[in-house]
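This report refers to the structure that appears directly beneath it.
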Amino acid sequence: MITDETGRHMAIPLNVERVVTLAPNLTETVYALGLQDKLAADTTYCEIPPAAKEKPHVGGPQNPSLEAIVAMHPDLVLASTSINRPQTADALLKLGIPVYTSAPHTVTGMLNSTAEIADLMDAKDQGAKLVADLQQRLDALHALLQDRPMAHVLFAVWEDPLISIGQNTFIADALRWAGAESVITSDQNWPQVSMEEVVRLQPDYIVLTADHLKAENATQGADLSTRPTWRDLQAVKLGRVVIASDEMDRPSPGLIGAIEQLAHDFHPEVFGAKPPENGKVKIENGRYFATVPQSMKERNACAR
Amino acid sequence: MRPLTPNRIIGICAGLGALLLIEVVISLRMGDYPLAVRDIVATLYHGAAGRWDEIPSEFKLVVFGLRLPRIALGILVGAALSTAGAGFQALLRNPLADPYVLGVSSGAALGAMLSLIVAPHMVGAIQFAAFAGAAATIAAVYFLGRRGGQLDSATLLLAGIVAASFLSAIIIFLLTMVTGTELRSMTFWLMGDLTAPPPTTNVIGWFGFLFLIFVVAAGAMYTTSSDLNLILTGEQEARHLGVNVNRVKMVVYVAASVLTGLAVSVSGAIGYIGLLVPHVMRMLFGTDYRLLIPTSAIGGAIVIVLADTLARTVVAPTQLPVGAMTALAGAPVFIYLMRRRMR
Amino acid sequence: MSPGAGNGASLAPQPIPFAAPAHVRLKVEQASYAYSATDRSAPKFTLGPVSFEAQQRELVAILGPNASGKSTLMKLLAGLLKPLSGRVEVDGMEVSELEPRARAQQVALVAQESELLFPLRVWEYVLQGRYPYGKRLRFESDEDCLMAGNALAQVGADGLRDRWMDQLSGGEKQRVILARALAQRPELLLLDEPTQHLDIGGKVELLRRLRRLADANRYTVVVVTHELNLAAEFSDRVALMHKGKCLRIGSPAEVYQREVLEEVFEAPLEVEIRPSGRPRVILSGNH
Chain A
1 MITDETGRHM
11 AIPLNVERVV
21 TLAPNLTETV
31 YALGLQDKLA
41 ADTTYCEIPP
51 AAKEKPHVGG
61 PQNPSLEAIV
71 AMHPDLVLAS
81 TSINRPQTAD
91 ALLKLGIPVY
101 TSAPHTVTGM
111 LNSTAEIADL
121 MDAKDQGAKL
131 VADLQQRLDA
141 LHALLQDRPM
151 AHVLFAVWED
161 PLISIGQNTF
171 IADALRWAGA
181 ESVITSDQNW
191 PQVSMEEVVR
201 LQPDYIVLTA
211 DHLKAENATQ
221 GADLSTRPTW
231 RDLQAVKLGR
241 VVIASDEMDR
251 PSPGLIGAIE
261 QLAHDFHPEV
271 FGAKPPENGK
281 VKIENGRYFA
291 TVPQSMKERN
301 ACAR
Chain B
1 MRPLTPNRII
11 GICAGLGALL
21 LIEVVISLRM
31 GDYPLAVRDI
41 VATLYHGAAG
51 RWDEIPSEFK
61 LVVFGLRLPR
71 IALGILVGAA
81 LSTAGAGFQA
91 LLRNPLADPY
101 VLGVSSGAAL
111 GAMLSLIVAP
121 HMVGAIQFAA
131 FAGAAATIAA
141 VYFLGRRGGQ
151 LDSATLLLAG
161 IVAASFLSAI
171 IIFLLTMVTG
181 TELRSMTFWL
191 MGDLTAPPPT
201 TNVIGWFGFL
211 FLIFVVAAGA
221 MYTTSSDLNL
231 ILTGEQEARH
241 LGVNVNRVKM
251 VVYVAASVLT
261 GLAVSVSGAI
271 GYIGLLVPHV
281 MRMLFGTDYR
291 LLIPTSAIGG
301 AIVIVLADTL
311 ARTVVAPTQL
321 PVGAMTALAG
331 APVFIYLMRR
341 RMR
Chain C
1 MSPGAGNGAS
11 LAPQPIPFAA
21 PAHVRLKVEQ
31 ASYAYSATDR
41 SAPKFTLGPV
51 SFEAQQRELV
61 AILGPNASGK
71 STLMKLLAGL
81 LKPLSGRVEV
91 DGMEVSELEP
101 RARAQQVALV
111 AQESELLFPL
121 RVWEYVLQGR
131 YPYGKRLRFE
141 SDEDCLMAGN
151 ALAQVGADGL
161 RDRWMDQLSG
171 GEKQRVILAR
181 ALAQRPELLL
191 LDEPTQHLDI
201 GGKVELLRRL
211 RRLADANRYT
221 VVVVTHELNL
231 AAEFSDRVAL
241 MHKGKCLRIG
251 SPAEVYQREV
261 LEEVFEAPLE
271 VEIRPSGRPR
281 VILSGNH
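Protein chains in written order, with this note's numbering: chain A, 1 to 304; chain B, 1 to 343; chain C, 1 to 287.
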C-alpha cells in the first residue's frame, strides 16, 4: 500500500509491466528513465519524444476514455495534478486500477516524483541515476549563480490577456534555479496581470514560452517591439526578450535543460558569452550544455 | 371521436420502450474496450444470476462498472429533463420554455462549483451540493414569481431569468478566482458528463434512489395531466370547469423543478433535450398531456442514450461531452421546428 | 306593474313581480357585494342587494351601462364571488359554496374567446367540457363522447367535429365554445357579453341559438349584454342595472320605458313597440 502525492492510498503490484500515462510530462519522464517498453499507452497530446506519438492513445488528458484505459490492462496509471482532473483518478481507483498522481510544485518535488515513479516501476537504480545527474547539473548551476544578483523577469504564459505565473508554481521555482525571480507575486497559479503593473515593475527580462510550431517562425520576439506599451518597456528596448523552450511548461526531466538555457540567457557573463547588443532584438533559442543526455538532444533537434 | 384511452398510452409507450431497449443493447456493444456480444450476454447473465465470480474481472468492470451505469444515468437524465421540459412549457404557457429557463440549472451549477472548491474529494458532495443549489433556486424563484399569492406565468419567467443571470454572474466571478484544477473540473461538469461514478459502492441502491425520486416527481406531474390539458385552453375557462389552477401550477412547478435539479446534480447541464423532445413528441403523438408526459420521458431517454453513445465512440478514444452532441444535433432540429411553425 | 303609463322618471327600484311556481332554477335573494381598494377603506363599488328568479326555458338578459355592476352580478351568479349578504341558489344549492367541480356541473360560464397554445381538434375541445364528471385524472368514457356529441348537435356544429380549432371562423368557434359549455350538462348557462366580437349576422345567430337552447333543451340562460334590441327580441325577461342596483326586472316591454332608459344610458332614446309586442330602442331625433 502506498500513498501518492495527493494523499490517495492504493495497492500497487510488485511487478509493474504495463503503465498508462495520462499527462505529457509523465510520458516524457518515462522515456527519460528509459522505461518506454513498459509504456502501454499515453494520451493524444503526448508528443515528446516523437516516439510517444506512435504509442496507443487513450484520449486527451482532460477526458480520457476509461474503457480504453481498461483495455490496456494497466498495472499502474500515472496522472498529474498539472493537467488531469481528480475525477479521472477517482473513477479509475473505483474500478480497481491503481493511479499514482504526482503533484509537482517545485523542481526538487519533480525530481522526487521521478525517483518515486522509477521505484514504482521497478527501476530504482535507473531513477536514482537520472535524478543524480539532474541534481548535479542543478548544483553546478547553483554554484555558478549563487553570487549573482537575481534577474527580475516577467514570465508570460499568454500575452493577450497577459497571464503570468504564481509563486507556488513549479515554473516560479524553476526560474529561481535559473537565477531569476518573477516580478509577479501572486498566490493564484495563473494570475492575470495588467500592463500598467508591468510598466511599473520594469522587469529586466521578458520570458515568453515557445510554441512548438512558432519556434520555427522565430518572429515572436520581433512582434513585441512593434506592439504598443510593450515596445516602451526597458526589457524590450534592450533586446532582453527571451523565449524559453516549451520544456518550461512541463514538470519533467527536460525542465533542467530549459533552466540551464534560461540561466545562460539571464546571466551570460557567467558563462563567458557576450550580452546582446543594445537596440537590437535578439531571438535566443535552445542553446544547451554539452553534457546533455542523449534523449534531450533528440528533443532539441525537434525544437529547431 | 376517438378519445385517448389508457390502452393507447400503454401501447405507444411499449413501442417506444422497445426502441429504447434495442438502443441500450446496441450501446452496450459499443466502446473502446473490445467486447464481443456473447461476452456481454454472458456477463449480464452471470451478473443477473449473482454468479459474479464467473465473470472475468475486466468484463465485469467494463459492463457493470462503465457502460451500464452510464446508460442507466443517461436514461434517467433524459427522462427527467424531457418530462420537466413538458411541464415547464405548460406552466409558462410557452412552447420555447426549457428546464433551465427558471434558473434551476444555474443554482445547481453554483452548488456544484462551491463543493468542488470546498470539498473536491468528498464522496457524493457534488451531487448533494448541486441538488441543494437547485432546491434553493426553486424556492427563491417561487417566492419571486408569485403575483397576488399565485404563480403567474409572466412573473415566474421574469423571476427565473433574473435568478439565472444573477447566479451565472456569481459563477463567472468564482471561475476567475479559482486555480487551475477546479476550473477544469467545473468546465467539464458544465458541459454535461455522464461518467461520474456513483458516490456509494451500492450502485444498484444509488440508481434505485434516483429512479425513485424520478418516479415520484414525474408521477405527481402526471396526476395533473387532465388539468393541464384544460389549462392550456385558457386558465379562466379551466377554473370555470372546476380545475384548481393554483394547486396544479404549484404541483407542476415543484415536480418539474425537482426533476431538473435531479438531472443537473448528477450530470451537469445537458441542453436542448428538455426543449426539443416534448416538441417532437407533440408532433408525433399530439398535445394531450396524458400521453405527452410518458412519451417525453421515454423519448428523452432514447435521445440521451443515443447522444452519449455517439459522444464516446465517434472520435474514440477522444471523449466528447454529451452536452456538445445534444447541441450539435439539437440546433438543426430546433431550426427545423421553428420553420415548421412559421409555415 | 304599470302598463304603458310612464311612472315619471323614477329611478327607484320597483317591486319584483311574483313568479309563477314553475321549476325555479336560479334564485337570487338579496344578494350584494362590495369591492374596496383595501380591507379598511370604504367600498369603491357596491352591488345590490339584488333579487330575482329565473326558471328553466327562460332567457334573461342583464342590461346596463358600463360600471353598472353587470359583470359583478355575473360573477355572483357563477359562484366566483361569495355574496356579502343574501344568497344565490341554483336548484336550491348556494353556488358559491359548491365545490368547483360540482358547481361546474350546474353552471356553465361560456367563454368569449379561446386562446389555444397548441393545436387541438374540435371534438377534443368539446370533450374537455366533461371534466367536472369523474376523477381528476380521467379518461373519457362512452357516455362522455355521447354527451359531447349531443352538445355539438345542439349547436348545429356536428360537421365541425374533426376540424382544427385554429382553422374555424369566428362564428364556428363561438358555436364550439358554446358546445363545450353545453357538454357540462349545466342547469344554468351564463354568457358575459358574448356578442362583442361578432358582426350583426353573428349576433343574431347566437341569440337565436340561445333561444332555441332555452326552448327546446330547457336550459336557463342568463346573458349580460349591451345589445338593447337583441335582448328585447329574444329574451323572456330583462334586468336593468344602474350604478350597482337592479332598477327594473320584467318583460322587455315593461322595462323599456323611455325616461328610465334615457336616464340610465344618458342618451336621447325612443322606444317603439313593434307588432310582435316587443319594444325597439332607437336614437331619438333631437341630439
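Backbone N, C-alpha and C define an ideal beta-carbon position, used for all residues, glycine too. In this text, all values refer to a predicted model and were calculated from it rather than measured experimentally.
Item: Report yes if the C-beta distance between V123 (chain B) and G261 (chain B) is below 7 angstroms; otherwise report no.; Value: no
Item: What are the boundary residues of the alpha helix (DSSP H) that H240 (chain B) is part of?; Value: E235 to H240
Item: Taking 7 angstroms as the CB-CB cut-off, is P317 (chain B) touching chain A?; Value: yes
Item: Closer than 7 angstroms, CB to CB, is E193 (chain C) near chain B or not?; Value: no
Item: When burial is assigned at 16 or more other CB atoms within 10 Å of the CB, is T318 (chain B) buried or exposed?; Value: buried
Item: For Y35 (chain C), does the count of other Cβ atoms within 10 angstroms reach 16, so buried, or fall short, so exposed?; Value: exposed
Item: Please state if the CB of T106 (chain A) and the CB of V131 (chain A) are separated by a distance shorter than 7 angstroms.; Value: no
Item: The beta strand (DSSP E) with M241 (chain C) in it runs from where to where?; Value: R237 to H242
Item: Over the uninterrupted alpha helix (DSSP H) stretch that includes P119 (chain C), give me the two end residues.; Value: Neither: P119 (chain C) is in no alpha helix (DSSP H) and is coded neither H nor E.
Item: Cα separation between L127 (chain C) and I9 (chain B)?; Value: 18 angstroms
Item: Using the rule of at least 16 other Cβ atoms within 10 Å of the residue's Cβ for burial, across every protein chain shown, is M113 (chain B) buried or exposed?; Value: buried
Item: So, under 8 angstroms CB-CB, A256 (chain B) and M221 (chain B) are touching, yes? Tell me the CB distance rounded to an integer number of Å.; Value: 7 angstroms
Item: Roughly how far, in whole angstroms, is the beta-carbon of D32 (chain B) from the beta-carbon of E67 (chain A), given that I think they are within contact range, below 8 angstroms?; Value: 4 angstroms
Item: Would you list the one or two residues that DSSP bridges to G250 (chain C)?; Value: C:V238
Item: Hey, quick one: how far does the beta strand (DSSP E) through K44 (chain C) stretch, first residue to last?; Value: P43 to Q55
Item: Determine the burial state of F131 (chain B): buried for a count of at least 16 other Cβ atoms within 10 Å of its Cβ, exposed for fewer.; Value: buried
Item: Could you give the distance in angstroms between the alpha-carbon of L276 (chain B) and the alpha-carbon of T195 (chain C)?; Value: 40 angstroms
Item: Per DSSP, I62 (chain C) is paired with what?; Value: C:V224 and C:A239
Item: According to the neighbour-count rule (16 or more other Cβ atoms, all chains shown, within 10 Å of its Cβ), is T127 (chain B) buried or exposed?; Value: In the sequence under discussion, the amino acid at residue 127 (chain B) is Gln, which differs from the Thr named in the question. With 16 or more Cβ atoms within 10 Å of its Cβ, Q127 (chain B) is classed as buried.
Item: Helix or strand or just coil, what does DSSP make of Y289 (chain B)?; Value: helix
Item: What span of residues does the alpha helix (DSSP H) with Q154 (chain C) cover, start to end?; Value: D142 to Q154
Item: For the pair the region 116 to 132 of chain C and the region 146 to 153 of chain C, tell me if three or more CB-CB distances fall below 8 angstroms.; Value: yes
Item: Along the region 145 to 158 of chain C, where does the CB come closer than 8 angstroms to a CB of chain B? Name the residues.; Value: C145, A148 and G149
Item: Return the Cβ separation of A104 (chain C) and P132 (chain C) in integer angstroms, given the expectation that the two are a contact with Cβ distance under 8 angstroms.; Value: 4 angstroms
Item: Entirely within the region 82 to 137 of chain B and at least 4 residues each: give me those alpha helix (DSSP H) ranges in chain order.; Value: 104 to 118
Item: State the start and end residues of the unbroken alpha helix (DSSP H) segment that holds I206 (chain A).; Value: Unbroken run through I206 (chain A) is the beta strand (DSSP E), Y205 to T209; no alpha helix (DSSP H).
Item: Give me the residue from A:N15, A:D122, A:I259 and A:R250 with the minimum Cα distance to E47 (chain A).; Value: A:R250
Item: Taking just the CA atoms, how far does P61 (chain A) sit from M150 (chain A)?; Value: 36 angstroms
Item: Cβ of A52 (chain A) within 7 angstroms of Cβ of D42 (chain A)?; Value: yes
Item: Using a Cβ cut-off of 8 angstroms, which residues of the region 43 to 67 of chain A contact any Cβ in chain B, in chain order?; Value: T44, H57, V58, G59, G60, Q62, N63, P64, S65, L66 and E67
Item: Nearest chain B C-beta to Q128 (chain C) closer than 7 angstroms, yes or no?; Value: yes
Item: Would you say L232 (chain B) faces chain C, with C-beta separation under 7 angstroms as the test?; Value: yes
Item: By the criterion of Cβ-Cβ separation under 8 angstroms, what are the contact partners of S185 (chain B) in chain A?; Value: R85, P86 and Q87
Item: I want to verify the contact list: residues of chain C whose CB lies under 7 angstroms from the CB of R282 (chain B), in sequence order.; Value: F118
Item: How is the alpha helix (DSSP H) around P27 (chain A) delimited, first residue to last?; Value: Note that residue 27 (chain A) corresponds to Thr in the displayed sequence, not to Pro. First-last of the alpha helix (DSSP H) with T27 (chain A): P24 to A32.
Item: Between the alpha carbons of A345 (chain B) and E143 (chain C), how many angstroms are there, rounded?; Value: Here chain B has residues from 1 to 343 only, and residue 345 (chain B) is not among them.
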